[in-house]
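Residue numbers (my numbering), protein chains in the order written: chain G, -9 to 215; chain B, -9 to 215; chain F, -9 to 215; chain L, -9 to 215; chain U, -9 to 215; chain Y, -9 to 215.
Even for Gly, the Cβ is constructed at its ideal location relative to N, Cα and C.
Computed from a predicted model, the values in this text were never measured in an experiment.
Protein chains: 6
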Amino acid sequence: MLVEFGQTRVMCTASVTEGVPPWRRDSGLGWLTAEYAMLPAATHTRSGRESVKGKVGGRTQEISRLIGRSLRACIDLAALGENTIALDCDVLQADGGTRTAAITGAYVALSDAVTYLAAAGKLADPQPISCMIAAVSVGVVDGRVRLDLPYEEDSRAEVDMNVVATDTGTLVEIQGTGEGATFPRSTLDKLLDSALAGCEQLFAVQKEALALPYPGVLPEPAAKK
Amino acid sequence: MLVEFGQTRVMCTASVTEGVPPWRRDSGLGWLTAEYAMLPAATHTRSGRESVKGKVGGRTQEISRLIGRSLRACIDLAALGENTIALDCDVLQADGGTRTAAITGAYVALSDAVTYLAAAGKLADPQPISCMIAAVSVGVVDGRVRLDLPYEEDSRAEVDMNVVATDTGTLVEIQGTGEGATFPRSTLDKLLDSALAGCEQLFAVQKEALALPYPGVLPEPAAKK
Amino acid sequence: MLVEFGQTRVMCTASVTEGVPPWRRDSGLGWLTAEYAMLPAATHTRSGRESVKGKVGGRTQEISRLIGRSLRACIDLAALGENTIALDCDVLQADGGTRTAAITGAYVALSDAVTYLAAAGKLADPQPISCMIAAVSVGVVDGRVRLDLPYEEDSRAEVDMNVVATDTGTLVEIQGTGEGATFPRSTLDKLLDSALAGCEQLFAVQKEALALPYPGVLPEPAAKK
Amino acid sequence: MLVEFGQTRVMCTASVTEGVPPWRRDSGLGWLTAEYAMLPAATHTRSGRESVKGKVGGRTQEISRLIGRSLRACIDLAALGENTIALDCDVLQADGGTRTAAITGAYVALSDAVTYLAAAGKLADPQPISCMIAAVSVGVVDGRVRLDLPYEEDSRAEVDMNVVATDTGTLVEIQGTGEGATFPRSTLDKLLDSALAGCEQLFAVQKEALALPYPGVLPEPAAKK
Amino acid sequence: MLVEFGQTRVMCTASVTEGVPPWRRDSGLGWLTAEYAMLPAATHTRSGRESVKGKVGGRTQEISRLIGRSLRACIDLAALGENTIALDCDVLQADGGTRTAAITGAYVALSDAVTYLAAAGKLADPQPISCMIAAVSVGVVDGRVRLDLPYEEDSRAEVDMNVVATDTGTLVEIQGTGEGATFPRSTLDKLLDSALAGCEQLFAVQKEALALPYPGVLPEPAAKK
Amino acid sequence: MLVEFGQTRVMCTASVTEGVPPWRRDSGLGWLTAEYAMLPAATHTRSGRESVKGKVGGRTQEISRLIGRSLRACIDLAALGENTIALDCDVLQADGGTRTAAITGAYVALSDAVTYLAAAGKLADPQPISCMIAAVSVGVVDGRVRLDLPYEEDSRAEVDMNVVATDTGTLVEIQGTGEGATFPRSTLDKLLDSALAGCEQLFAVQKEALALPYPGVLPEPAAKK
């Protein structure tokens, strides 16, 4: 499925493959992994292809790990048996917030895949997903808290934070960084308020997308207008 | 721009970067290069990501080289000055004929880029493209010549041939292979007849696409219906 | 210098090299980078050497990037001229909290290096460090908030959080993750309280270490006894 | 065995190893693979060693794949059982036409290996080779069709074509490329005429070589004098 | 354990892992392997990390192979069963003679590991070590034979030799090289006299270290004072 | 040129390239480097190609370094100006002693190259080679000292030694290793006697080869009959 938030477009796909990584064999448990990548022409200035460079960069690996960790928080891997769900998040066009768009879209792809597997009778537990997962980026730009920054604002943000949350109001992951500046704890609180409100909107959008016949294009949340 | 032929969808982009490869420096000439890649989920069974494997496979390199060579046949590189046009062809969904779809789409992306550069006054010669380029795959399936095979037919073709041609009726590249069988010269002639007719249809489609505001989606040729 | 927190021992070194990365050239600014690595025998079960595997793993890159980003928050890179400070953090023995120990020790190594450079008259601004930096790990184990978890507790923590803070009370980076569980915002607040208190103790320890002749061994904070 | 065509010298060897690649296991079928490489000093200007660069270049992989595909066209892999024949083609000295010389020589090495295996009673079918395989390069230089171009002519050819054919008059593979120029279909026909005549001469030479005690040096065809 | 010779400090560790390399499986024999590495900041000028470069340099591999070969000379691998002892020698600080310090320290680490395995009843033969192993570097500096050269002398030595010997007076390995000069056989004899005397001192030091509770720091030999 | 000792055949080539490695720039001195490699089919059992594996093995690097070091002992690099001589030693067929055959053959290739450069007036000093270099392998097999062991004997040698010497009677490099056994100093002396006698024979053979028109095949020494 294709996620679009503003000018950011990410293609999110869930594939099921037999077997699990070696360290997990004979556990009876499944696994969920994610790979994030950016097409060379997704950014304003073309970036080199990592396959050609022969190695996956630190940023790419960090985001891939974040996506996998975030989505593993909502699924009971025992229900899969020893099978692996691979989530591929490929950024076709980038304008800030690619990692949070990827998580939000990956949840929909995962949910669709699980529905398909359940219908095919391949799951031990037909409802292995315990909650919805969405993510937003928030930041401080020119001293003000802003939700879901486009690239132009993101690149001059004083604080940048990504929040992954569930529709039950709990947190899955929070990563906040001062960019060339440090920030007081009160700012952290304001950023979190904004992020959790943003996630609420995304859960509504995800529900709409999941109601569509697969594969659909995720409609933009009202918040972006 | 996005090219769609049947179930095959390829995203083709042209980016201009300053400078040329080391072996071409101080020649006063530009360069055109191409990179082809397939998203992991483009095929029915997920294929591993080449960036993760740490090397670009032989098939990928072979196709990238073919695309670059084909498109260099239509452009006067002296007009670019010492700049490089990078053509990225990323297969989002694969159902046979990805390399020929990539070449056909790359021509449109290249043509759009050249129009943009010319308008910006960045070309020594405002019309550096000497002809149109398109490519088709043809094959022999169950003893009959077929144009533009989908994957299911391609995988059991007895002969498989890719033809890159110009709108002036000449050939740029021809690659024909017997798959587990050899073929007489008369078959080669029939395949060429079919391929050149297919290219004619594609030139019409490309002209339509280039008439659209950039970036457009290449309409499917009538031949596919 | 060698940092020891409980059974965790990290060797932190600052080296100054001429020049900056290509993307930063001709900016007049210096750069600070960090590399984290773990010796094969640092963990209970020997882990393979990344140089032998031929690539740096995702976790290693993620931590290296975190250390670099954290320490860049306290230094005015303009004072260095176009030179690079490389911080090497090599884990000789690991028992939880290696990344936070690395940051805390790297600050001392950086501070010593800056003192040396200033004494040698090589800095445009003799006091380019604006604040102290320290980091702690905090977590929830068996439902209770705990500071600076050893490996045995860390591996069964329900929530795991790393906090990088300054001695002026502000935050540099915060990364919190639910491990197989999500967590309410109230838990985040308690974890932060504990983390900031822990950092206070570390600033005292760092001051002691910096008062010693270089290179010294960082004494353990009272909190660990 | 050592193949010499003019100043081009290629060492072709066939080795039999137990087992087949993973994707072919439990099929009961054997496999045939080929690796082409050029010694650093084979060209006028020394070229870097691919093992030192750490990756096999696109041209090398493309030619290796071509050789393997071409030779698989003449052998019944079922006769081998689950064993692999590896054809190594190492260019000791290069003066144009190395890929076609490699195919022509590899046929002789393969044929010798099959004779040896059959004599040792290791083949299910004692005559698994169904036809002879040879390859030539043809081109258009200064407007004229030429067979088997040496490097000096090859580098200024307007059209370059490689043809792999069987001694029964059929085609295995045809690859034709316009070099900085496109070419009409009539030229393709003339090139094919010349190529097929060239292959006839090579089949005679291969028969002579196979009549010699192994390993022999392939005598040059009369055509080269 | 940590070995210190003058300003050279090497951390030597022995780890036992289950299994042996593929080529040794089903032999009933164990294996011993060694990996040598230098921390980036061990040398006066920081050297790049091999994991970041993506490959292990020739010097590193050569020394790793030497250490493994030297220590395999003293141990009966049949006593281990199909298990592997990995010796890790990481240079924390380098001032000449790192490879010989590594071998000398690795012997102590190996001996400790064997004592531990024997006490745990995991060895077929409780005393699989047949002799002690130590190594020294000797050289000719300004025309005079010198034992255990520090870096400053080593870098201007005319002849450089490493000798690995046993406490029974026999040789395990000898490597002598003229550095920008060749040397007569009489010099070789003088270098050997000096080296064997140096090893005698090291055996005494190793015995002291092995008498200490593990892990100890190897005391410096009197010879270094 | 092609060196043949018994069943061992090594192709040795010297190429001159402009420029020197970065660390040697602006020194006014030239450089000499060597690369050793073995063709896959050179050994009885086919060995994998290092370019395909993506890295150069430890043994290959060790031998390449040895060849380069040995040949640098005989040449005045100042005479070359800032140019590099690359010696390529490719083993076509291996039957023991490939590294010493490579050194002995590389001397002839180097000498020919220097003669060519001097004749072309490209050397500051027309006779930059100060002595001849040759190398032999010696070993102890079944308790007896043997010169130039073929593979069958080499693989069961108790001691294995390579000696590189000059025609003035001095040593360049000596590497002796006990294989699963240690050896007394008296054995070292006997091995050296045998090695130096063997080198004398090789110098005679090299002189013959250098008297032939380039490129010649090095005749076998009488000692091998």
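- Per DSSP, the unbroken alpha helix (DSSP H) holding L/G188 starts and ends at R175 to A201.
- For Y/A63, the neighbours in chain U by C-beta distance under 7 angstroms run, in chain order, G168 and T172.
- At least 8 angstroms separates the beta-carbon of U/V162 from that of Y/T177.
- DSSP places Y/D102 in the uninterrupted alpha helix (DSSP H) bounded by T88 to A109.
- Taking a C-beta cut-off of 9 angstroms against chain F, none of the residues of the stretch 84 to 106 of chain U qualify.
- The beta-carbon of G/A24 is placed no less than 8 angstroms from the nearest beta-carbon of chain B.
- The Cβ of U/A27 sits closer than 8 angstroms to at least one Cβ of chain F.
- Looking only at U/G170, U/T88 and U/T160, the smallest Cα-Cα distance to Y/G166 is reached by U/T160.
- Closer than 7 angstroms at the C-beta level to chain U, one finds these residues of the stretch 38 to 58 of chain F: R39, E40, S41, V42, G44, K45 and V46.
- Using a Cβ distance threshold of 8 angstroms, L/G95 and L/Y141 do not count as a contacting pair.
- Only residues of its own chain outside the window of five on either side were considered, and among them L61, M122, I123, A124 and Q196 have a CB closer than 7 angstroms to the CB of Y/Y97, listed in chain order.
- The beta carbon of F/C64 is closer than 6 angstroms to those of I119, S120, C121 and I123 in its chain, skipping five residues each way along the sequence.
- Between the alpha carbons of F/A114 and F/E72 lies a distance of about 11 angstroms.
- Taking CB atoms only, B/T160 has a neighbour in chain L less than 8 angstroms away.
- G/I57 and F/S127 have their alpha carbons spaced roughly 22 angstroms apart.
- Using a Cβ-Cβ cut-off of 8 angstroms, B/R(-1) does not count as an interface residue toward chain G, since no Cβ of chain G sits closer than that to its own.
- For a cut-off of 8 angstroms, the C-beta gap from U/V81 to U/T90 is around 12 angstroms, too long to register as a contact.
- In the DSSP assignment, the residues bridged to L/V6 are L/I75.
- Residue environment for G/S17: exposed (fewer than 16 other C-beta atoms within 10 angstroms of its C-beta).
- U/R36 and F/T7 have their C-alpha atoms spaced approximately 8 angstroms apart.
- Beta-bridge analysis with DSSP links U/L22 to U/I75.
- In the structure shown, G/T160 adopts coil according to DSSP, grouped into three states.
- Close to G/R36, with beta-carbon spacing below 9 angstroms, are these residues of chain B in chain order: T3, S5, V6, T7, A76 and D78.
- With a threshold of 8 angstroms between beta carbons, F/A31 makes contact with chain U.
- Taking C-beta separations shorter than 6 angstroms and ignoring five residues to either side along the sequence, the partners of L/A27 in its chain run D80, following chain order.
- For G/R136, the uninterrupted beta strand (DSSP E) run begins and ends at R134 to L137, by DSSP.
- DSSP places G/I123 outside any alpha helix (DSSP H); the residue lies instead in the beta strand (DSSP E), whose first and last residues are I123 to V131.
- Counting only runs of 4+ residues, the alpha helix (DSSP H) found wholly inside the stretch 26 to 59 of chain Y occupies 40 to 43, in chain order.
- Nearest in C-alpha terms to B/S184, of all of B/P174, B/A194, B/V135 and B/T33, is B/V135.
- Closest in alpha carbon position to U/V10, among U/A187, U/T3, U/R49 and U/L19, is U/L19.
- Chain Y has no Cβ within less than 8 angstroms of the Cβ of L/L70.
- Put simply, the CB of U/Q191 is far from chain Y, with every gap to its CB atoms at 8 angstroms or more.
- Between U/L182 and U/V154, the gap from beta carbon to beta carbon reaches 8 angstroms or more.
- Here DSSP, grouped into helix, strand and coil, assigns U/R15 to coil.
- Bounds of the beta strand (DSSP E) holding L/E(-6) are L(-8) to F(-5).
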